[in-house]
Amino acid sequence: MGSGNLKVSVHSGRGTIPINNAQVVIKNSSGVLKTLKTDSDGNTEYISLSTPNIETTLTPYAEGPWHGTYTVEVTAPGYQVTTINGVQIFDQRNSDLPVNLLVATRDTETETINIPENELHNSNQREQKTGLTARILHEVIIPEKIIVHLGTPTNNSVKNVTVPFIDYIKNVASHEPYPTWPEKSLEANIYVIITFALNRIYTEWYTSKGYNFNITNSTAYDQYYVDGGEVFENVAAIVDKIFNIFVKRQGHAEPYFTSFCNGTTSTCAGLSQWGTVDWANQGLDALQILKKYYPSDIQLVTCYNQAPIYSSFPGTLSNGSRGNNVKRMQEYLNRIRVNYPLIPEINPEDGIYGAQTQESVKVFQSIFDLSQTGTINQATWNKISSIYVAVKKLSELDSEGERIDIGNNPPTTVIRQGNRGSTVLELQFILDYLSQFYDSIPDILQNSVFDVNTTAAVKDFQNAFGLTADGIVGPSTWAKLYEIYKATKNNTNVPGYDDDPQYPGSLLKVGSRGTDVLIMQRYLNLISQVYTSIPKVTEDGIFGDGTKYAVSKFQELFGLSSDGIIGKLTWDRIVQTYDNLGSEKEKYPGYILKVGSSGDSVKLIQNYLNAISNSYPSIPKVTADGIFGSKTKEQVIAYQKIFGLSADGLVGPSTWSSIISTYHNLY
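So my numbering is basically just the index in the sequence shown, starting at one, shifted up by 679.
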């Protein structure tokens, strides 16, 4: 027997909102093997699971089983219980199971995902089409997302899912070949998978025929996408490097139609998946392998026309790099950390790749299973760019809702295809917002015109929630749209970038639970990085004794009634203090200020103590010149005596925090 490793990553909003403290239960046919909890980034630890030996996956006609098979059950408050059956674990490979939880509108809602056997055991042969009769795009693009139809093209009973293109490639590449194959074999297969998908998009093979998707997951026509399926770490690492490289023939613009089959139970005039293993074992690289199956004039071409999320990779960025590309990555990482607060802040965003940027990159890489080098290679550049776009869109949608002013009562106007105006815009906004949380609802352009795409999105929504799928928005559809929108928004509490969270209207205290508690825990932990007398708490959305103690320490530090209960006054002060952390000048400099110190940090303390002395005259005023001399030491000692600190004349973390908080209490 062998063993492989499994990690479960739990998110909502298509990977933009990590779900902390979700319960993950791993089972096999004998029962429960392990119960895990996700961390603040939505990840469990890796656990080792038994699986057949690797040799069974390296021989074409070896009898199964080829992998271990497990069931994963994920539970989190406010979300549907999600069960994934058939999770495949391969010997000597790490597997990451991404779970996108859907918001529950009823306590009993569940979702079950069944992962079928690897496509190598499917005898279907791809349809041999070139796509040349379809409408042709003017240029090759790497799309932001791809719409996958989960069945044959004419099967209208199955849903479409909208997937980031790079995630689509990782998924297919994890379910067509085996992840245990040699690297060059996998690389050749992945080039084929990328090119096949781009050919379908370039030729508009399905959309030109009136379908509302780009590709199917039926292997009789296309390639094997498994909705909810796991992704293998080594496969993902290859895709991150080459996702925008495709196969084309010299003198041709279009991606070559890279037909392929498994080469054993199914043969075709294209690549043999099992055959690539033999060629790789003989030392051929990926392009040499491809030329064994396709015309000799094929070449690998990098596409920089990536719409709209990826900028052309400028080359590796590392410690000492400078310029606009560094500044862009700093801005992206700082925005991403709103959703992933373990990522350290980079301040200032100055375009200089220093220790702060390096550490921020390392933490980002650890969260998203990239090699933790602290340098930005192409894989890290692409991942930062894609995550930035995803979290930014969700935040912008959140603020758009305020602008559009979704009220408490849905409209009474019946609207349908052909209508225009603000009511149509409101409909499109709600559908676009919900599309981030429900895979069956497609993204939609908010153009105030009830067009054919809006009609299709309405039908998808109606199908998803048990309404008559007529594409017309009347009272029952409006009521359901509002119900689902408000349930989703209340449960997920999408992090905003500029807007402060509002006091929920009721006290938070021991026994309270939910998103509002989680927000306060997260803010207190961030504040504690500067005000070190506040202890860190577990970010689990549960107001326990640890949270109460942290709240009381905050209240004590900021002159509030130290009862450990968050009312409006304490809520507002926590939010205000968190906002003030954005000011670089008020952050503890990281070293003790004492006689002989100089600089802006000394000058700030002198100014603040001079201001505090207006209320406490026994504190002498000094010249705020940024030089820590004997008079500044006397000033500090006088302050320390009044506020019960050790009167040593040194400004360490405790004295610094006390001076800052006292100043803000007074001013």
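Backbone N, C-alpha and C define an ideal beta-carbon position, used for all residues, glycine too.
- With the rule of 3 Cβ pairs closer than 8 Å, the stretch 870-878 counts as touching the stretch 918-938.
- The beta carbon of residue 741 is closer than 8 Å to those of 734 and 735 in its chain, skipping five residues each way along the sequence.
- Secondary structure at residue 1091: coil, using DSSP grouped into helix, strand and coil.
- Here the stretch 686-701 lies against the stretch 764-777, with 3 or more beta-carbon pairs under 8 Å apart.
- For the pair residue 714 and residue 768, the CB atoms are not nearer than the 8 Å cut-off.
- Residue 900 places its beta carbon 8 Å or farther from that of residue 798.
- The DSSP assignment places complete beta strand (DSSP E) segments of no fewer than 3 residues inside the stretch 680-726 at 681-691, 702-707 and 710-716, in order along the chain.
- Rounded to the nearest whole angstrom, the CA to CA distance from residue 1164 to residue 1027 is 37 Å.
- Residue 1036 places its beta carbon 8 Å or farther from that of residue 1046.
- Apart from sequence neighbours up to five positions away, the residues of its chain that approach residue 752 with a beta-carbon distance below 6 Å are 704 and 762, ordered along the chain.
- Counting along the chain, residue 925 sits inside the beta strand (DSSP E) bounded by residues 924-928.
- Listed as beta-bridge partners of residue 1247 by DSSP are no residues whatsoever.
- In the three-state reduction of the DSSP assignment, residue 752 falls in the strand class, which pools E and B.
- Nearest neighbour of residue 1069 by Cα position, chosen from 1089, 1012 and 1257, turns out to be 1012.
- Our two residues, residue 982 and residue 959, have alpha carbons roughly 26 Å apart in a direct line.
- A Cβ-Cβ contact shorter than 8 Å links residue 683 with residue 772.
- Contact check for residue 905 against residue 854 passes: the beta carbons are separated by less than 8 Å.
- The beta carbon of residue 1155 is closer than 7 Å to those of 1146 in its chain, skipping five residues each way along the sequence.
- By the C-beta criterion, the stretch 1249-1258 is judged not to be in contact with the stretch 1296-1308, since fewer than 3 inter-stretch pairs fall below 8 Å.
- Secondary structure within the stretch 1124-1157: the alpha helix (DSSP H) runs of 4 or more consecutive residues, fully enclosed, are 1131-1143 (chain order).
- Listed in chain order, the non-local C-beta contacts of residue 1042 below 8 Å within the same chain comprise 1021, 1022 and 1023, local neighbours out to five positions each way being set aside.
- If you compare the alpha carbons of 939, 1100, 1217 and 1052 with that of residue 1196, the shortest gap goes to 1217.
- Taking the C-beta atoms as reference points, residue 764 is found nearer than 8 Å to residue 794.
- Partner residues in the beta bridge of residue 775, as assigned by DSSP, are 686 and 910.
- The C-beta separation of residue 1111 from residue 1125 comes to about 6 Å, placing the pair in contact by the 8 Å criterion.
- If you compare the alpha carbons of 1182, 1200 and 943 with that of residue 1225, the shortest gap goes to 1200.
- Annotated three-state conformation of residue 1162 is helix, per DSSP.
- Cα atoms of residue 867 and residue 754: separation of roughly 38 Å, rounded to the nearest angstrom.
- With fewer than 16 other Cβ atoms inside 10 Å of its own Cβ, residue 1247 counts as exposed.
- For the 8 Å CB-CB criterion, residue 739 and residue 953 form a contact.
- Contact fails between the stretch 1054-1068 and the stretch 1134-1143, because fewer than three Cβ pairs, one in each stretch, are under 8 Å apart.
- In the three-state reduction of the DSSP assignment, residue 1096 falls in the coil class, being assigned neither a helical nor a strand state.
- Distance between residue 1032 and residue 996, taken at the CA atoms: about 8 Å.
- The distance from the Cβ of residue 913 to that of residue 858 is about 6 Å, consistent with a contact at the 8 Å cut-off.
- Under the three-state reduction of DSSP output, residue 746 falls in the coil class, being neither helix nor strand.
- The secondary-structure analysis by DSSP pairs residue 998 with nothing; it has no beta-bridge partner.
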